[in-house]
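Under the numbering used here, the residue at position 283 of the sequence shown is numbered 284, and the numbers go up by one with no gaps. Yeah, the Cβ is synthetic: ideal placement off N, Cα and C, and Gly gets one too.
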Amino acid sequence: MSQKDWRKSVVYQIYPKSFNDTTGNGEGDLQGIIEKLDYIQYLGVDYIWLTPVYESPMNDNGYDISNYYKINEQFGTIEDLEMLVTEAHKKDIKVMMDIVINHTSTEHEWFKQAYADKHSPYRDYYFFRKSADTEPPTNWESKFGGNAWKYDAKTDEYYLHLFDVTQADLNWDNPEVRRVLYDVINYWIGFGIDGFRFDVINLISKGEFKNSEKIGKEFYTDGPRVHDYLHEMNRHTFGDKGLMTVGEMSSTTIDHCIKYTAPDRQELSSVFNFHHLKVDYVDGEKWSNAKLDFHKLKDILMEWQLGIYEGGGWNAIFWCNHDQPRVVTRFGDDTSEPLRKQSAKMLATVLHMLQGTPYIYQGEEIGMTDPGFDDIKQYRDVESLNAYDNLKAAEYDEQEILTMLGQKSRDNSRTPVQWTAGENAGFTSGTPWIDIPSNFDKINVEAAIEDEQSILQTYRHLIQLRHKHDIITYGSIEPLFMDHNELFIYKRHYNGESWLVVANFSKERVEIPEGLEINGQVMIQHGQMIDSQIDGFGVIVVAQ
Ligand code: GLC
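(1) Evaluate residue 383 with the Cβ neighbour count: other Cβ atoms within 10 Å of its Cβ, from every protein chain shown; 16 or more gives buried, anything less gives exposed.
(2) Just tell me which of 297, 522, 175 and 272 has its CA closest to the CA of residue 284.
(3) Run the CB neighbour count on residue 3, radius 10 Å, all protein chains shown included, and call it buried at 16 or more, exposed below.
(4) On a Cα-Cα basis, can you pick out the residue from 69, 200 and 381 that is closest to residue 192?
(5) Compare the C-alpha of residue 508 against each of 407, 540 and 371 and name the closest.
(6) When you compare each of 222, 226, 242 and 82 to residue 254 by their alpha carbons, which one comes out closest?
(7) For a quick check, are the C-beta atoms of residue 312 and residue 263 less than 8 Å apart?
(8) Please report the residue range of the beta strand (DSSP E) in which residue 1 lies.
(9) Quick check for students: name the residue ranges of the beta strand (DSSP E) that lie wholly in the segment 45-77, counting only runs of 3 or more.
(10) Closest to residue 166 by C-alpha separation, out of 196, 112 and 479, would be which residue?
(11) Measure from the alpha carbon of residue 368 to the alpha carbon of each residue in 130, 463 and 338, then state which is nearest.
(12) Express the C-alpha separation of residue 500 and residue 449 in angstroms, rounding to a whole number.
(13) Hey, could you find the ends of the alpha helix (DSSP H) residue 33 is sitting in?
(14) At 4 residues or longer, what runs of the alpha helix (DSSP H) sit wholly inside the segment 232-272?
(15) Do residue 361 and residue 462 come within 8 Å of each other at the CB atom, strictly closer than that value?
(16) Which residue marks the beginning of the alpha helix (DSSP H) containing residue 342, and which one marks its end?
(17) Given that a residue counts as buried once 16 or more other Cβ atoms are within 10 Å of its Cβ, and exposed if not, what is residue 188?
(18) 8 Å is my cut-off, CB to CB: does residue 466 come that close to chain B?
(19) So is the beta-carbon of residue 277 under 7 Å away from any non-hydrogen atom of the ligand GDP?
(20) Does DSSP classify residue 2 as helix, strand or coil?
(21) Return yes when the C-beta of residue 1 is under 7 Å from any heavy atom of the ligand GLC, and no when it is not.
(22) Write down every uninterrupted run of the beta strand (DSSP E) in the segment 486-533 whose length is 3 residues or greater and which is fully enclosed by it, in chain order.
(23) Classify residue 120 as buried or exposed, calling it buried when 16 or more other Cβ atoms lie within 10 Å of its own Cβ.
(24) Taking only three categories from DSSP, how would you classify residue 14?
(25) Which same chain residues, not among the five before or five after residue 144, have their C-beta less than 7 Å away from its C-beta?
(26) Taking DSSP's pairing of strands, which residues face residue 541 in a bridge?
(27) For residue 56, count neighbouring C-beta atoms within 10 Å of its own C-beta (all shown protein chains included) and say buried if the count is 16 or more, exposed if not.
(28) Any contact of the segment 468-487 with the segment 299-316, i.e. 3+ C-beta pairs under 8 Å?
(29) Do residue 464 and residue 495 count as a contact pair if the criterion is CB distance below 8 Å?
(30) Is any heavy atom in the ligand GLC found nearer than 7 Å to the beta carbon of residue 101?
(31) Return the CA-CA distance between residue 150 and residue 168, expressed in angstroms with no decimal places.
(32) Tell me which residues share the same chain as residue 317 and place their Cβ nearer than 7 Å to its Cβ, disregarding the 5 neighbours each side in the sequence.
(33) Apart from the five residues just before and just after residue 62, which ones in its own chain have a Cβ nearer than 7 Å to its Cβ?
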């Protein structure tokens, strides 16, 4: 593949379990991805990112790795992965792997040895701690609910798990742990991988084990040695090899993200943060029901855009991933057909015109919606099932819990890609591991390819524009009319050129603010502009 600046890239995220099943077992596989490479090429993205395909008991769908060097049989073999990388490269598509090194599965050999024998050298690969009393060592909470320490009566010690009880946190303060993890990364570089997405990588330096007033986050988020460790990892692995990296940053800050990504610090290429998605939470609480706070969304996005740009860092930008609900349901409107299409195109345009590297999550490009599950039996995700139990225990009403899950559950985005209007949306000839939304008869890839006005065509166009116009990648950003209640307006500036973006987040027609000149060459337009009014969910981009 030609050596172009990775900053100009667009990444397509694949959640293999729900992508395409070639064996009929109801779960996607690596051959299924190979089968769809033509489609990915047609979309026009530069990279695909595979969420974890390593050996795993799949309690957290692969984010619980039991062997970093083996491929999960349900996805295929190492030869399948080799074929996928080779075939992707032939089509000029690069491949990123997900690396989960904040924790391993408790099924990993290291943990098994550590757990079985208190004196094993592997004991110090994890955090085993005694407690002075009958309480766990600290009051930190697991991100999936409950205390973050699991008691082991055999040794009267607890181990730390910031996520599921089967995901034990690795002790990065142990140099041996860092060394074996760098070996893992170097193995995959040698294999021919072009980049990495590092799972919850800002949680690797734990700080002090003390009781917390904020469930522990302040001790382990962007912890005391995190930058040293990332710099060291960079130097020992991908640093000088031209790989693209993106770190998933939980509850982070702009200052830290500048440090993570400023090129001279030699840590990572880019970062994901999630602040702009917590705009339908109540008091920071995910398990709640709230509408989008539009002003908050704009304020946060712009604060990050400006902060990271001015600090010389680099954002990864996204609406969707395998942990987030579908954006068209969340911030758009999927209640009727024209509205779904219009709002999905508007949301895509707003995001892709921002500064940073855009990520598209499988199915987003055809405007897939949340499935609207209304029975707990339809859910599969460990976080959602834990939340259900915890909310039940806290005596929430069943219907209220289901409404919360319907709005926030990670399963909303994990339903299979809707390929065709045929049986099981063309995803599998067997029984899908999770229900498929009934709208697949209309919302599917086949229909989107045939329709010249589809959401898919908008995504293709946005990718092509990015490849062609440097202003989208390198331009500075200027927020405008931030107080407006319906419109999201900003400009990009580069080498004397400016692009204006005006997007209507409401379904009503809206008056363009006085003083805003929409003259110039139209680069993108969805919806009409009549008498200085822009259509509901309309969007326009003009070069000025
Ligand atoms: C990340 C992943 C998520 C996983 C968690 C623990 O947030 O995206 O799916 O559950 O890390 O590994």
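From the atom records:
(1) Counting from 1 along the sequence shown, the entry for residue 383 is found at position 382. Residue 383 is buried by the Cβ-count criterion.
(2) Working through the sequence shown from its first residue, we reach residue 284 at position 283. Closest by alpha carbon: 297.
(3) The residue labelled residue 3 in the question sits at position 2 within the sequence shown. Reliability fails at residue 3, whose pLDDT of 44 lies under 50, so the model's placement of it is uncertain and the value that follows must be treated cautiously. Around the beta-carbon of residue 3, fewer than 16 other beta-carbon atoms lie within 10 Å, marking it exposed.
(4) Residue mapping note: residue 192 aligns to position 191 of the sequence shown, counting from 1. Checked all of 69, 200 and 381; the closest Cα to residue 192 is 69.
(5) For the purposes of this step, residue 508 is identified with residue 507 of the sequence shown, where counting begins at 1. Here the closest residue by C-alpha is 540.
(6) Indexing the sequence shown from 1 puts residue 254 at position 253. With distances taken between Cα atoms, residue 254 lies closest to 222.
(7) Walking along the sequence shown from the start, residue 312 turns up at place 311. Walking along the sequence shown from the start, residue 263 turns up at place 262. Contact annotation: residue 312 and residue 263 have beta-carbon atoms nearer than 8 Å.
(8) Lying outside 2 to 545, the shown extent of the chain, residue 1 is not represented and no answer is given.
(9) 48-51 and 68-72
(10) Along the sequence shown, one-based indexing puts residue 166 at 165. Looking at the Cα atoms, 112 is the closest of the given residues.
(11) Mapped onto the sequence shown, residue 368 falls at position 367. Nearest C-alpha to residue 368: 338.
(12) In the sequence shown, residue 449 corresponds to position 448, counting from 1. In the sequence shown, residue 500 corresponds to position 499, counting from 1. Spanning the two alpha carbons is a distance of roughly 28 Å.
(13) Translated into positions along the sequence shown, residue 33 becomes position 32. Start and end: 31-36.
(14) List check, alpha helix (DSSP H) in window: 255-262.
(15) Walking along the sequence shown from the start, residue 462 turns up at place 461. Walking along the sequence shown from the start, residue 361 turns up at place 360. In this structure, residue 361 does not lie closer than 8 Å to residue 462 by Cβ.
(16) For the purposes of this step, residue 342 is taken as the residue at position 341 of the sequence shown. Looking at the DSSP string, the run of the alpha helix (DSSP H) that includes residue 342 is 338-353.
(17) Looking up residue 188 in the sequence shown gives position 187. With fewer than 16 Cβ atoms within 10 Å of its Cβ, residue 188 is classed as exposed.
(18) No chain B appears in this structure, which consists of one protein chain only.
(19) No copy of the ligand GDP occurs in the structure displayed; its ligands are the ligand GLC alone.
(20) The residue labelled residue 2 in the question sits at position 1 within the sequence shown. For residue 2, the predicted structure reports a pLDDT of 39, less than 50, and the residue's modelled location is therefore unreliable. A value from the coordinates is still provided. Correct three-state label for residue 2: coil.
(21) Examination of residue 1 is not possible in this model, given that the chain is present from 2 through 545 alone.
(22) 488-495, 498-505 and 522-527
(23) For this step, residue 120 is matched to residue 119 along the sequence shown. Exposed, by the Cβ-count rule.
(24) To locate residue 14, count along the sequence shown from 1; it is residue 13. Here residue 14 sits in strand by DSSP.
(25) Here residue 144 refers to the residue found at position 143 of the sequence shown. Here the set comprises 163 and 164.
(26) For the purposes of this step, residue 541 is identified with residue 540 of the sequence shown, where counting begins at 1. Beta-bridge pairing links residue 541 to 503 and 526.
(27) Here the question's residue 56 lines up with position 55 in the sequence shown. That one is buried.
(28) yes
(29) Here residue 495 refers to the residue found at position 494 when the sequence shown is read from its first residue. Here residue 464 refers to the residue found at position 463 when the sequence shown is read from its first residue. With contacts defined by Cβ atoms closer than 8 Å, residue 495 and residue 464 do not form a contacting pair.
(30) Working through the sequence shown from its first residue, we reach residue 101 at position 100. Within the cutoff, so yes.
(31) Residue numbering aside, residue 150 sits at position 149 when the sequence shown is read from its first letter. Residue numbering aside, residue 168 sits at position 167 when the sequence shown is read from its first letter. Those two C-alpha atoms are separated by around 11 Å.
(32) Here residue 317 is taken as the residue at index 316 of the sequence shown, counted from 1. Once the five neighbours on either side are set aside, the close Cβ partners of residue 317 are 247, 271, 272, 273, 357, 358 and 360.
(33) As a working mapping, residue 62 is identified with position 61 in the sequence shown. For residue 62, where only same-chain residues beyond five positions count, the Cβ hits under 7 Å are 18.
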